[in-house]
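S.K.:
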Amino acid sequence: MSLKLKKENIDEAVRTIMELGGKGILNCVQCGACSAVCPGVKAGFPVLCRLLIKKLTTGQLEEIIEEPSSWGCQACNRCTEVCPQGVRPQEVVFAFRRYQANEMAISTSTTTSQMNFYETGHAVYTESSKELRKQVGLPEAPPTTVSDAQGLKEIQTLLENSPMGELGFF
Amino acid sequence: MEKFGLFLGCNIPFKAPDIEQSFRQVFPVLGVEPVDIEGATCCPAWGTAPSFDLTSWCAISGRNIALAEEKGMDLMTGCNSCFGVLSEAKHFLEDKERRAGANKLLEKVGREYKGTSDIYHVTHVLHRTIGTDRIRESVKFNLEGMRFATQAGCHQLWPSDVYKVSEENPFFPTMLNELVEATGASAPHYSRAEACCGMGGMRSTDVEKSLKIFKDKLLSIKEETDPDAVVTTCSSCFLQFDQAQKMLRDKGEIDFEIPVLYYTQLLALAMGFDPSQVAAVSTTDRAAVIAEIQNPARQAN
Ligand code: SF4
Ligand code: SF4
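Protein chains in written order, with the numbering used here: chain D, 1 to 170; chain P, 1001 to 1301.
Here is the structure:
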C-alpha cells in the first residue's frame, strides 16, 4: 500500500515538474557535477541541483514546498553547462519554483517586482530615476513602456491574461 | 553604420542611467548606431514571469524580441539578466507548441514572435562587430600602467548553447579582458574570475548569504590583483560591487574600497567623454580613478 502511494507520488511529482518546464529531470544520474559548481549551494541554499532533483524524483514535491533554496537560485546555468546528462538542472529548479509560486509558497521579495511590472512594465522602477536621468543629460523617461501608453497597455493585457493575473498581485 | 536595437532593461535606465548615456555616446563613434525600441518592457526579470509561468514568460520576452523584428534588427543589451532571459526565451520558443501558446497570447496585443532577430550582449558587439583594433584607435587617453579586475557576469557565459556568441571556455572568459586591454590597461586573471557576485535571486532572498559569496570574490580580487577598479559588463554585478562593498564596510568586514566601472564607462572616459554624463552615479567613490584615466599626461597628442 505505502509502496503504491509512493509510486503515485513520484509519478505526480515528475509529471508536474516536466509540465512546468523541467523536461530533462529523468535523465539525472545523481553525479553531483551541478552542485559542485552551484553558487547557491556554496552560499548555503542546499536544495538545488542534485539534491532538489533527488527529492523530486523520490516523490517529495509537496514535502519541500516551503523550501527557500529555489528562490536563492541565480539562474546562472553553471549547472546546465556542466551536466553530462543534458538534464538542464536550472530548468528543473525554475519548474519547481513555478510549482511553489502557483501554490503561493513564494518569496516576499517578488511581490514588489510583480506590482512594479504591472504598473510600469518594469520589475525595477523608481521615481527618483527621473532626476538621475536628467542629471546625466538624458530625457526623464526612457523610450520604454514608462513613456509609451500603448506599450504599457499591451503588457498589462498580457499579464492579465496569464496565470499570474489570477494570483492577485495586480 | 550597423544598427542594433538597444534593449535597455530596468537597472540601466532607472538605477545607472550614466551607463545608458555611455552607450549612446560611445557606439556611434565606433560605427554602431543603437536604435531605440519604443515600448519595450522588462525582459521579464527572473523573479517575475519566469518564476510563474513559462508560456507567459515566452510571450513577454517574445513581444520584446518582436519589437526588434518589426524594425528588422537584432537586439543588443547591456544587462546580463536581459541577455540571459531573452536568449533562454528564444530557446524555449523553438518548441513549436510553446511558440504557438506564446503567439496565441501575443495575438491579444496584435504582435507575433517570428524568431528572426538575434540577441547580442554589448560585449559581443564591442568584441565581434567593432573589434579591439578599432577600440584601440578610438581612445584618447592611453591607460597603460592601470590595472582592472574584470567581472563578465553569469548570464553572459552560461548556458553557452543558447547564446548567439559564447566564450571559447565560459569558465575562463577572455572577451572582457581583451576589451579592457584595448585601452592600454592590464586585466590580470584572478582565481575567482568566473565566480558569482551574489546579486540576483540570492541577494533578494538572503542578503547575508549573498554578501558571503560577494566577500569571497572581492577578497580574491583585492589580494591577487589590487586593481584601480573593477570593470564589468553586467549591470547587476555593477550594482552589487558598487553597493555591497559599503554594506561590508559598515559591518566592519572590510577596510578598503575598490571603485567600479561598467566597461563602456571606462571606454567613454578613455575616449574623453564628460564624466558628469557617462560616469556620474555611484555609491563607491570613483573620482580618483576617473581623474587618473583622464590624466592629461595620458593623452597621445
Ligand atoms: S550534473 Fe546532471 S546528471 Fe549529474 S546530478 Fe546534476 S543534474 Fe544529475
Ligand atoms: S542556475 Fe541555480 S541551481 Fe544552477 S548553478 Fe546556478 S544557482 Fe545553482
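Each residue gets a CB set at the ideal place from its N, CA and C atoms; glycine is no exception.
Keep in mind that this is a model prediction, so the values were computed, not measured.
(1) Below 8 Å on the Cβ atoms is my contact criterion, and I expect A13/D with L61/D to pass it. Report the Cβ-Cβ distance as a whole number of Å.
(2) Among S129/D, P89/D and S128/D, which one has its Cα closest to the Cα of N27/D?
(3) Going by alpha carbons, who is nearest to I1119/P out of T1183/P, S1061/P, E1223/P and Y1262/P?
(4) Is the segment 1210–1225 of chain P in contact with the segment 1261–1270 of chain P, if contact means three or more CB pairs nearer than 8 Å?
(5) Looking at V87/D and ligand 1, is the gap between the Cβ and the nearest heavy atom below 6 Å?
(6) Roughly how many whole angstroms lie between the Cα atoms of S1210/P and G1047/P?
(7) How is A1089/P classed by DSSP in three states: helix, strand or coil?
(8) Please compile the residues from chain P whose C-beta is within a distance smaller than 7 Å of the C-beta of N161/D.
(9) F1075/P lies in the beta strand (DSSP E); which residues open and close that run?
(10) Using a Cβ-Cβ distance under 7 Å, would E127/D count as near chain P?
(11) For R78/D, verify whether its CB is less than 6 Å away from any heavy atom of ligand 2.
(12) Since L1267/P contacts T1183/P with CB under 8 Å, what's their CB separation in whole angstroms?
(13) CB of L1008/P to nearest heavy atom of ligand 2: below 6 Å?
(14) Can you tell me whether A1045/P sits near ligand 2, meaning its C-beta is under 6 Å from at least one heavy atom of the ligand?
(15) On the criterion of 16 or more Cβ atoms from any shown chain inside 10 Å, does Q1021/P qualify as buried, or is it exposed?
(16) Measuring CB atoms only, is the segment 1134–1144 of chain P touching the segment 1279–1299 of chain P, in the sense that at least three cross pairs come out at less than 8 Å?
(17) How many whole angstroms separate the CB atoms of V1035/P and K1071/P, which I take to be in contact at a CB cut-off of 8 Å?
(18) Give the straight-line distance between the Cα atoms of E1178/P and T120/D, rounded to the nearest whole angstrom.
(19) Answer yes or no: do C1058/P and I1012/P have a C-beta to C-beta separation smaller than 7 Å?
(20) Assign Q1151/P to one of three DSSP states: helix, strand, or coil.
(21) Give me, in chain order, the residues of the same chain whose beta-carbon lies closer than 6 Å to that of Q1245/P; leave out the 5 immediate sequence neighbours on both sides.
(22) If you compare alpha carbons, which of T1174/P, E1033/P and G1272/P is closest to E1002/P?
(23) Let me know if M1146/P comes out buried or exposed under the rule of 16 or more other beta-carbons within 10 Å of its beta-carbon.
(24) Step through the CB atoms of chain D and report whether any lies within less than 7 Å of the CB of V1165/P.
M.R.: Looking at the atomic coordinates:
(1) 4 Å
(2) P89/D
(3) S1061/P
(4) no
(5) yes
(6) 16 Å
(7) helix
(8) L1105 and K1108
(9) Just to set this straight, residue 1075/P is Leu in the shown sequence, not Phe. Looking at the DSSP string, the run of the beta strand (DSSP E) that includes L1075/P is L1075 to T1077.
(10) no
(11) yes
(12) 7 Å
(13) no
(14) no
(15) buried
(16) yes
(17) 7 Å
(18) 38 Å
(19) no
(20) strand
(21) E1257 and T1284
(22) E1033/P
(23) buried
(24) no
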